[in-house]
Amino acid sequence: MWSHLERGSSPVDWCESNYSISPVIAEFVNTISNILFFLFPPVLIHLFQEYARFFNPAINVLWVLLMVVGISSAYFHATLSLVGQLLDELAILWVFMAAFAMFLPKRHFPRFLGGNRRVLAFYSSVFSVVSTGFLVMHPKANAFALMMLAFPAIGFLCKELNRVKCARVYRLGLRCVAVCCLAIFSWIIDRMFCDAWLSIDFPYMHGVWHILIFIASYTALVLFAYFNVSEERPEQKPELRYWPRNDFELGIPYITIKHPCKKDKHLAI
Numbered sequence: 013m014w015s016h017l018e019r020g021s022s023p024v025d026w027c028e029s030n031y032s033i034s035p036v037i038a039e040f041v042n043t044i045s046n047i048l049f050f051l052f053p054p055v056l057i058h059l060f061q062e063y064a065r066f067f068n069p070a071i072n073v074l075w076v077l078l079m080v081v082g083i084s085s086a087y088f089h090a091t092l093s094l095v096g097q098l099l100d101e102l103a104i105l106w107v108f109m110a111a112f113a114m115f116l117p118k119r120h121f122p123r124f125l126g127g128n129r130r131v132l133a134f135y136s137s138v139f140s141v142v143s144t145g146f147l148v149m150h151p152k153a154n155a156f157a158l159m160m161l162a163f164p165a166i167g168f169l170c171k172e173l174n175r176v177k178c179a180r181v182y183r184l185g186l187r188c189v190a191v192c193c194l195a196i197f198s199w200i201i202d203r204m205f206c207d208a209w210l211s212i213d214f215p216y217m218h219g220v221w222h223i224l225i226f227i228a229s230y231t232a233l234v235l236f237a238y239f240n241v242s243e244e245r246p247e248q249k250p251e252l253r254y255w256p257r258n259d260f261e262l263g264i265p266y267i268t269i270k271h272p273c274k275k276d277k278h279l280a281i
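Residue numbers (this note's numbering): 13 to 281.
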């Protein structure tokens with residue numbers, strides 16, 4: 013067991029040369045490129061106060077889980093330990109499943125759920141626990157298996173965007189999909205063309221992936237938060253806004269409630 017905590021015990025090693033910048037951090041750029049996972053979630057928790065108060069306080073669980081992903085990823089790339097790898101991958105899995113349980117539209121619920129989101133959350137938790145066991149048993153394939161989750165997520169986002177009437181939300185959705193595709197491209201070329209990046213002394217595309225995938229991930233969560241209110245409580249009139257300036261669409265997006273009212277206990281997880 014203790015051997016799995018040792019540096020370099022993970023079977024996964026990315027393109028960046030180990031200990032080339034710092035004698036104590038294995039992949040320096042891949043480690044510090046997780047900085048957005050630490051900086052943005054506290055801001056998002058603050059910006060989503062109204063959403064959490066009047067619609068679903070569980071939204072803050074997602075922001076905290078993003079921080080857990082950042083911590084786990086930084087630990088993994090700093091040590092390249094098997095435990096770090098598993099923590100990183102499991103955190104990503106749980107973000108996916110938490111978002112699925114929170115945002116899946118009720119029109120897609122199987123009949124046996126009876127329209128109850130808490131029951132969906134229970135089954136999602138069971139699935140996550142079982143999947144956790146498989147991830148632990150097959151660590152070499154985990155990165156590719158988790159990457160496969162991105163494609164149905166992108167497809168589902170595009171499907172929801174086709175239902176949107178707000179041009180501002182639609183534009184954010186297009187940017188989100190574009191950034192997500194760039195992130196996946198960065199992940200693939202770091203993995204498959206490492207020698208080419210080493211030849212030009214820039215083996216840092218996995219660090220670029222960290223930055224882009226965070227932007228895509230939190231933006232997708234903002235969008236699904238908007239879709240969720242629009243479908244389940246349309247009378248609350250959700251509005252997409254940007255911080256620090258609402259007229260600057262490259263700022264941090266968040267959702268406000270134009271007509272707040274007491275939240276329905278059956279909606280929240």
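Ideal placement from N, C-alpha and C gives every residue a C-beta, glycine not left out.
- When C-beta atoms of the region 26-34 are compared with those of the region 100-110, fewer than three pairs fall below 8 Å, so the two segments do not count as touching.
- I83 has its alpha-carbon roughly 11 Å from the corresponding atom of A90.
- If you draw a 10 Å sphere on the C-beta of C188, you find 16 or more other C-beta atoms in it, and that means buried.
- When DSSP reads this structure, R123 sits in no beta bridge, so it has no partner.
- Contact between the region 238-253 and the region 177-191 is present: 3 or more CB-CB pairs across the two stretches fall below 8 Å.
- Partner residues in the beta bridge of Y266, as assigned by DSSP, are R253.
- The C-alpha of C192 lies about 5 Å from the C-alpha of A228.
- Secondary structure of I33 (DSSP, three-state): coil.
- Judged by DSSP in its simplified three-state form, F205 adopts coil rather than helix or strand.
- When the beta-carbon positions are compared, P250 and I267 come within less than 8 Å of each other.
- Uninterrupted alpha helix (DSSP H) stretches at least 4 residues long and entirely within the region 52-127 occur at 61-66, 71-91, 94-115, given in chain order.
- The three-state secondary structure of G167, taken from DSSP, is helix.
- In the three-state DSSP reduction, H218 falls in the helix class (H, G or I).
- Counting the other Cβ atoms within 10 Å of the Cβ of M109 gives 16 or more, which makes it buried.
- The Cβ atoms of P272 and Q248 lie closer than 8 Å to each other.
- Distance from the CA of L92 to the CA of N154, rounded to the nearest whole angstrom, comes to 15 Å.
- In the DSSP assignment, A133 falls within the alpha helix (DSSP H) that extends over 129-149.
- Here N72 has I57, F60, A64 as same chain residues with Cβ atoms under 8 Å from its own Cβ, once five neighbours each way along the sequence are excluded.
- Approximately 22 Å separates the beta-carbon atoms of L48 and L98; this is outside 8 Å, ruling out the contact.
- The Cβ atoms of L78 and Y230 lie closer than 8 Å to each other.
- Ranked by Cα distance from L184, the options E243, L169, K118 are led by L169.
- Nearest C-alpha to L262 among V24, W26, L186: L186.
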